[in-house]
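Participant: Protein chains in written order, with our numbering: chain A, 20 to 260; chain B, 146 to 460.
Before I ask anything, let me first share the structure, which is written out below as structure tokens.
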Amino acid sequence: MVEVVELVKRFRTASRGTVIAVDRVTFSVGAGEIYGLLGPNGAGKTTTLRMLATLVAPDDGRITVAGIDGRRHPLRVREKLAYVPAEAGLPERLTPREAVTLFAAVQGVRAPAVAADRLLETIGASSYADAACGDLSTGMKRRVVLARALVHSPSVLLLDEPTDGLDVPGRRDVLALVRQQAQEGRAIVLSSHIMGEIEQVVDRLGVVANGRLVAEGTVGEVLERTSASRLDDAFLRLVES
Amino acid sequence: MRLYRALRALVVLTASTARRLLREQLVVRSLIWPTLVASLTLGLTLLVMIWLRPPWPEVAVAPGTDHVLVQALEDEGFTTVEDPDPGGSVRSRRVELGTDGRIVWIVDGHPHQSRFESTVRAYRNAPWRPVRGLEVSIGEGAIYGRTVCRFLALVFTLYGLVFGLGGVARDRDDGTLEAELALPIPRVVVGLSRWLASALVLGPAYALSIAVFGALLTVAEPLDVLLHGAASSATAAAIGIAVVGTAGIKQGFAGPFAVGMTVATGLAGAGAALDLGWVPIASLFAGGSGVPAMVLAGAVGVVASLVFALRAGRT
């Protein structure tokens, strides 16, 4: 469903010159699979997701989403996926119903208002569907953002730090939603720096450090490779080496 | 199909952005400064007038003047002083108003001239002599009206820049812009919808301002005034969208804002110097028909949206 091959992204900065944010990263994610990008801050996780979402053009490498070349046909790729940035990304003055309906209308969903209402109910956000987004808690916003992302039934879901800023119940709810989406056949790529979250939810993971994919596999495979008993230890060994 | 989707997205996003701008009460806020300036100007003018108003004057009355007239003058607030030669006293400016019951002597232009003369005429039962109505020249009023409208248009130009630049920068910070850019529509649509929303909100707000001031001052050729102002605010919004680049509120907002201000003030200066009536913003100081400026503003909006799309990433 998602295939990333030798992906490279460089940024030019005034203070540090040219920085390689993503350095020949390769991985693939199948339908119904949850793939976790694990790495410290600044490792290149968000840049990788943004390239997948065709928000940033890669300098080199290949991205294929549902068989479509992301570099040649970005609009067609965007039809197939939904990207949820780390920030809430909800206009404060719109209500959840309006925000989801807006995206449904732009995505060409039939009867966008009805679709939005149904999805908000499914995702457990109908009780605050008419409140201003600016007045919602972080957990509520996350639900609405997920509803907005799912409104056109994408094949691929890209989630950047989906539980960032959430309390324990909020985190549990969001992760349950993510698992549910995978069970419905969606390929999911999520980034996180929270080990427990990655351990709980992903089928496979890639550890990113300094823009490079330093390890990949199931949680068990990564633990075995690093001879660690906990993912925290495995992560530290991989990142510090 | 793609064109239809892009057009539909343009309409939906424009309506949504305009709704947000209206809910943020930016229009109301945009009217606050002109209202404040107008209120302050009127208030200060009143204060100056009160301060400059001469004290209630003395009226020289000839001895033997009927006490009914003297009482009537005092009832009107004048202080009467008996004077054997009221006319001579006025001519020598010892007093500014004088009467013997038949004749009035007045220093020309005295602020209480009419009230004094009316009181004496009422006493004498002498009607005002019918004269040809004074022709009120609208030229002077129109100049004031034009000046006020220019000032308002400059304020709205600044708002346009803030709407265009600040709106994008804020939405970039909170992730709204990124979510929109990830939609399967050309990025130029995202820029264009923001520009259209700004123009659609600012234009009527400017029209409302002109209507308010038009009730107080003569606004000559109001349609052209409106078109020049609307073109200026729309162009400023376009400049904001074009120069914002990758800036957000938290980082690098001042640089693009300075660039936008430089371009806007440069255009205003060029209009004053070169009489560029067809260039938005510059046309505020050139005048003429507002249609060419409005058409060019539309073209600038499209170009700015393309620049936005190029700078925001790959389309």
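Quick reminder that beta carbons are idealized off the backbone N, C-alpha and C, glycines included.
Mind checking which residues open and close the alpha helix (DSSP H) that includes B:G312?
Facilitator: To locate residue 312 of chain B, count along the second sequence from 1; it is residue 167. Taken as a continuous stretch (DSSP letters only), the alpha helix (DSSP H) holding B:G312 covers G312 to D319.
Participant: Identify every residue that forms a DSSP beta bridge with B:V213.
Facilitator: Along the second sequence, read from residue 1 onward, the residue named residue 213 of chain B stands at position 68. Per DSSP, none; premise fails for B:V213.
Participant: Any beta-carbon of chain B closer than 8 Å to the one on A:L155?
Facilitator: Counting from one through the first sequence, the residue named residue 155 of chain A turns up at place 136. Chain B, which has no Cβ nearer than 8 Å to the Cβ of A:L155, makes this no.
Participant: What residue from A:E106, A:V38 and A:G89 has the CA that sits closest to A:L100's CA?
Facilitator: What you label residue 100 of chain A is simply residue 81 of the first sequence in a count that begins at 1. Measuring from the Cα of A:L100, the nearest candidate turns out to be A:G89.
Participant: Since B:V424 and B:L441 are thought to touch, with beta carbons under 8 Å apart, how far apart are those beta carbons, to the nearest angstrom?
Facilitator: One-based indexing of the second sequence puts residue 424 of chain B at position 279. One-based indexing of the second sequence puts residue 441 of chain B at position 296. Yes, they are in contact, since the Cβ atoms of B:V424 and B:L441 sit about 6 Å apart, within 8 Å.
Participant: Kindly indicate which residue of B:L148, B:A403, B:L185 and B:L218 has the alpha-carbon position closest to the one of B:E262.
Facilitator: To locate residue 262 of chain B, count along the second sequence from 1; it is residue 117. Nearest C-alpha to B:E262: B:L218.
Participant: Taking one C-beta from the region 104 to 123 of chain A and one from the region 354 to 361 of chain B each time, how about it: are there three or more such pairs within less than 8 Å?
Facilitator: Too few Cβ pairs lie closer than 8 Å, so no.
Participant: Less than 8 Å between CB atoms is the rule here; does A:A72 satisfy it with respect to chain B?
Facilitator: By one-based count along the first sequence, residue 72 of chain A stands at place 53. It does: the Cβ of A:A72 has a partner Cβ on chain B nearer than 8 Å.
Participant: DSSP state of B:V448, grouped into three classes?
Facilitator: Residue mapping note: residue 448 of chain B aligns to position 303 of the second sequence, counting from 1. Note: B:V448 maps to helix in three-state DSSP.
Participant: Are the region 206 to 216 of chain A and the region 65 to 84 of chain A touching by the rule of at least three beta carbon pairs closer than 8 Å?
Facilitator: With a cut-off of 8 Å, the region 65 to 84 of chain A and the region 206 to 216 of chain A count as touching, because enough Cβ pairs lie within range.
Participant: Chain B partners of A:G298, CB-CB under 7 Å?
Facilitator: In this structure chain A extends from 20 to 260, so residue 298 of chain A is not present and cannot be described.
Participant: Can you tell me where the beta strand (DSSP E) with B:D420 in it begins and where it stops?
Facilitator: By 1-based counting over the second sequence, the position of residue 420 of chain B is 275. Note, B:D420: premise wrong, no beta strand (DSSP E); not H, not E.
Participant: Starting from the C-beta of A:G204, find all residues in its chain whose C-beta is less than 7 Å away, skip the five residues before and the five after it, and write them out in chain order.
Facilitator: For this step, residue 204 of chain A is matched to residue 185 along the first sequence. Only A50 and G51 meet the Cβ criterion.
Participant: Using a C-beta to C-beta distance shorter than 7 Å, which residues of chain B count as neighbours of A:R81?
Facilitator: Reading the first sequence from its first residue, position 62 is the one you call residue 81 of chain A. Correct list: empty, because the minimum Cβ distance to chain B is about 15 Å.
Participant: Which of the three DSSP states, helix, strand or coil, is assigned to A:I207?
Facilitator: As a position in the first sequence, residue 207 of chain A is number 188, starting the count at 1. Of the three classes helix, strand and coil, the one that applies to A:I207 here is strand, per DSSP.
Participant: Can you tell me whether B:H373 is buried or exposed? The criterion is at least 16 other CB atoms within 10 Å of its CB, across all chains shown.
Facilitator: Position 228 of the second sequence holds residue 373 of chain B. B:H373 comes out buried.
Participant: Are the C-beta atoms of A:R31 and some chain B residue less than 8 Å apart?
Facilitator: For the purposes of this step, residue 31 of chain A is taken as the residue at position 12 of the first sequence. Cβ-Cβ to chain B under 8 Å: no for A:R31.
Participant: Compute the distance between the beta-carbons of B:F308 and B:L155, then report whether it is under 8 Å.
Facilitator: Here residue 308 of chain B refers to the residue found at position 163 when the second sequence is read from its first residue. Here residue 155 of chain B refers to the residue found at position 10 when the second sequence is read from its first residue. Not closer than 8 Å, so no.
Participant: I think B:E322 touches B:V313, with their Cβ atoms under 8 Å apart; what is that distance to the nearest whole Å?
Facilitator: On the second sequence, position 177 is the one that residue 322 of chain B refers to. On the second sequence, position 168 is the one that residue 313 of chain B refers to. Strictly speaking, residue 322 of chain B in this sequence is Leu, with Glu absent from that position. Sure, about 6 Å apart at Cβ, within 8 Å.
Participant: Please name the residue in A:P181, A:V175, A:A253 and A:L250 whose C-alpha comes closest to that of A:L86.
Facilitator: Numbered from 1 along the first sequence, position 67 holds the residue referred to as residue 86 of chain A. Correcting the residue type first, residue 86 of chain A is Gly in the shown sequence and not Leu. A:G86 has its Cα closest to that of A:V175, out of A:P181, A:V175, A:A253 and A:L250.
Participant: Just reading off the beta strand (DSSP E) that A:L26 is part of, what are its end residues?
Facilitator: Counting from 1 along the first sequence, the entry for residue 26 of chain A is found at position 7. From DSSP, the beta strand (DSSP E) with A:L26 extends over V21 to T32.
Participant: Based on DSSP bridge pairs, tell me the residues matched to B:E227.
Facilitator: Taking the second sequence and counting its residues from 1, the one referred to as residue 227 of chain B is at position 82. DSSP lists B:V206 as partners of B:E227.
Participant: How far does the alpha helix (DSSP H) with A:Y147 in it extend, from its first residue to its last?
Facilitator: By 1-based counting over the first sequence, the position of residue 147 of chain A is 128. First-last for A:Y147: undefined, no H or E at that position.
Participant: Would you call the region 294 to 301 of chain B and the region 374 to 381 of chain B touching, i.e. three or more CB-CB distances under 8 Å?
Facilitator: Because the criterion of three Cβ pairs below 8 Å is met, the region 294 to 301 of chain B and the region 374 to 381 of chain B touch.
Participant: In three-state DSSP terms, what is B:R150?
Facilitator: Counting from 1 along the second sequence, the entry for residue 150 of chain B is found at position 5. B:R150: helix per DSSP, three-state reduction.
Participant: Over what stretch of residues does the alpha helix (DSSP H) that includes B:R239 continue unbroken?
Facilitator: The residue you call residue 239 of chain B lines up with position 94 of the second sequence. Per DSSP, B:R239 belongs to no alpha helix (DSSP H) and is neither H nor E.
Participant: Have a look at B:P229, B:P208, B:V204 and B:V226 and flag the residue whose alpha-carbon is nearest the alpha-carbon of B:V252.
Facilitator: Taking the second sequence and counting its residues from 1, the one referred to as residue 252 of chain B is at position 107. Of the listed residues, the one whose Cα sits closest to B:V252 is B:V204.
Participant: Whole angstroms are fine: how far does the CA of B:A382 sit from the CA of A:L169?
Facilitator: The residue you call residue 169 of chain A lines up with position 150 of the first sequence. The residue you call residue 382 of chain B lines up with position 237 of the second sequence. Roughly 33 Å between the two C-alpha positions.
Participant: Who are the Cβ neighbours of B:L345 in its own chain at under 8 Å, not counting the five residues just before and after it?
Facilitator: Locating residue 345 of chain B in the second sequence gives position 200, where the first residue counts as 1. For B:L345, where only same-chain residues beyond five positions count, the Cβ hits under 8 Å are T159 and A163.
Participant: Using a Cβ-Cβ cut-off of 8 Å, state whether B:D420 counts as contacting chain A.
Facilitator: The count along the second sequence starts at 1 and reaches residue 420 of chain B at position 275. Chain A, which has no Cβ nearer than 8 Å to the Cβ of B:D420, makes this no.
Participant: Would you kindly work out how many angstroms separate the C-alpha atoms of B:I195 and B:G188, rounded to a whole number?
Facilitator: For this step, residue 195 of chain B is matched to residue 50 along the second sequence. For this step, residue 188 of chain B is matched to residue 43 along the second sequence. Roughly 11 Å between the two C-alpha positions.
Participant: 8 Å is my cut-off, CB to CB: does A:P188 come that close to chain B?
Facilitator: Within the first sequence, numbered from 1, the residue matching residue 188 of chain A stands at position 169. A:P188 does not count as touching chain B.
Participant: Roughly how many angstroms separate the alpha carbons of A:S246 and A:R43, rounded to a whole number?
Facilitator: What you label residue 246 of chain A is simply residue 227 of the first sequence in a count that begins at 1. What you label residue 43 of chain A is simply residue 24 of the first sequence in a count that begins at 1. So the alpha carbons of these two residues sit roughly 26 Å apart.
Participant: Comparing the CB of B:E241 with every heavy atom of the ligand SAH, is any distance shorter than 7 Å?
Facilitator: What this structure holds is no ligand at all, so the ligand SAH is not there to describe.
Participant: Looking only at its own chain, which residues have a Cβ that is under 8 Å from the Cβ of A:E25, when we skip the five neighbours before and after it?
Facilitator: As a working note, residue 25 of chain A is residue 6 in the first sequence. For A:E25, where only same-chain residues beyond five positions count, the Cβ hits under 8 Å are R43, V44, T45, D79, G80 and R81.
Participant: Answer with yes or no whether the minimum CB distance from B:R165 to chain A is below 8 Å.
Facilitator: Working through the second sequence from its first residue, we reach residue 165 of chain B at position 20. B:R165 counts as touching chain A.
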